[in-house]
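What follows is one structure encoded as structure tokens, with my remarks underneath.
Residue numbers (the numbering used here): 80 to 368.
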């Protein structure tokens with residue numbers, strides 16, 4: 080059998096293309112960060128089995144020193160990309176104190192090529208391709224000629240758009256909804272006060288709660304180019320919060336950080352995350368020409 084690292088797979092309703100680094104479903108295509116993709120392929124290679132945190136660290140994070148929080152965060156990201164509900168999963172089931180199990184059906188993806196009768200002649204395809212390329216060159220030249228230095232300066236003055244997704248409750252009992260909602264609301268509020276950023280209000284974030292939208296879909300609903308998501312775990316009177324900033328168009332992680340704080344220090348924690356996000360985006364604004 081071919082290696083799952085090079086062959087397209089069907090995982091549930093998704094087509095997983097390891098070579099392209101993306102998953103697709105219907106007309107939707109989602110880029111997947113390399114480590115997250117390795118996690119998905121590892122779980123797919125042990126479909127139906129419980130895979131421990133230790134095994135995932137050894138195989139997916141081989142040669143990298145990380146904590147189990149990296150696994151928790153990566154699984155949460157993978158669930159979000161797949162549109163999976165951790166409380167009623169169709170893809171990844173959490174087995175308390177043991178690990179994770181992929182429950183979706185896994186198999187090879189069978190592409191359906193065009194039949195000889197329906198495939199256009201090669202000469203026709205070549206002519207169409209040449210016409211399309213010529214058209215694109217002309218269009219690109221026109222767009223470049225129209226962009227003045229004033230336009231570029233105006234673009235540089237525009238704030239960067241960033242939205243906040245509802246934080247995830249990763250506590251063992253998953254009963255800290257009020258706490259994660261507070262994290263989401265407080266962070267959205269602090270980001271919205273930064274004049275260099277454009278952030279939808281926390282009500283827009285809460286409209287995504289329980290919707291299990293993919294990253295690209297969530298960003299479209301919020302109308303943003305970057306997205307912040309995170310998770311919360313609780314032990315006694317302390318919380319561990321993991322947060323990260325991602326590009327909405329390809330899912331690449333721009334910035335991430337994990338914080339351990341007393342529960343009473345949530346406002347300071349929200350400010351710290353907002354500061355980290357703003358600093359990471361400071362170098363990503365368009366520069367005037």
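For glycine and all other residues, C-beta sits at the position ideal for the given N, C-alpha and C.
Beyond the five residues adjoining it in sequence on each side, residue 94 comes within less than 8 Å, by CB distance, of 87, 88, 102, 103, 104 and 188 in the same chain, given in chain order. The three-state secondary structure of residue 181, taken from DSSP, is strand. Between residue 345 and residue 335, the C-beta spacing is not below 9 Å. Looking at 317, 321, 276 and 312, the one whose alpha-carbon comes closest to that of residue 304 is 276. For residue 109, the enclosing beta strand (DSSP E) stretches over residues 107-110. Looking from the CA of residue 237, the closest CA among 269, 99, 135 and 274 belongs to 274.
With contact defined as three or more Cβ pairs closer than 8 Å, the segment 238-247 and the segment 280-294 are in contact. With respect to residue 151, residue 249 sits close: the two C-beta atoms are nearer than 9 Å.
Rounded to whole angstroms, the separation of the alpha carbons of residue 279 and residue 301 is 7 Å.
Within 10 angstroms of the beta-carbon of residue 112 lie 16 or more other beta-carbons, which makes it buried.
Residue 106 has its alpha-carbon roughly 36 Å from the corresponding atom of residue 251.
Inclusion of residue 327 and residue 358 in the CB contact set at 9 Å is not warranted, their separation being larger than that value.
If you look at residue 97, you'll find it isn't in any alpha helix (DSSP H); DSSP assigns it neither H nor E. If you draw a straight line from the Cα of residue 263 to the Cα of residue 321, it is about 12 Å long. Collapsing the DSSP output to three states places residue 242 in a strand. For residue 115, the enclosing alpha helix (DSSP H) begins and ends at 113-124.
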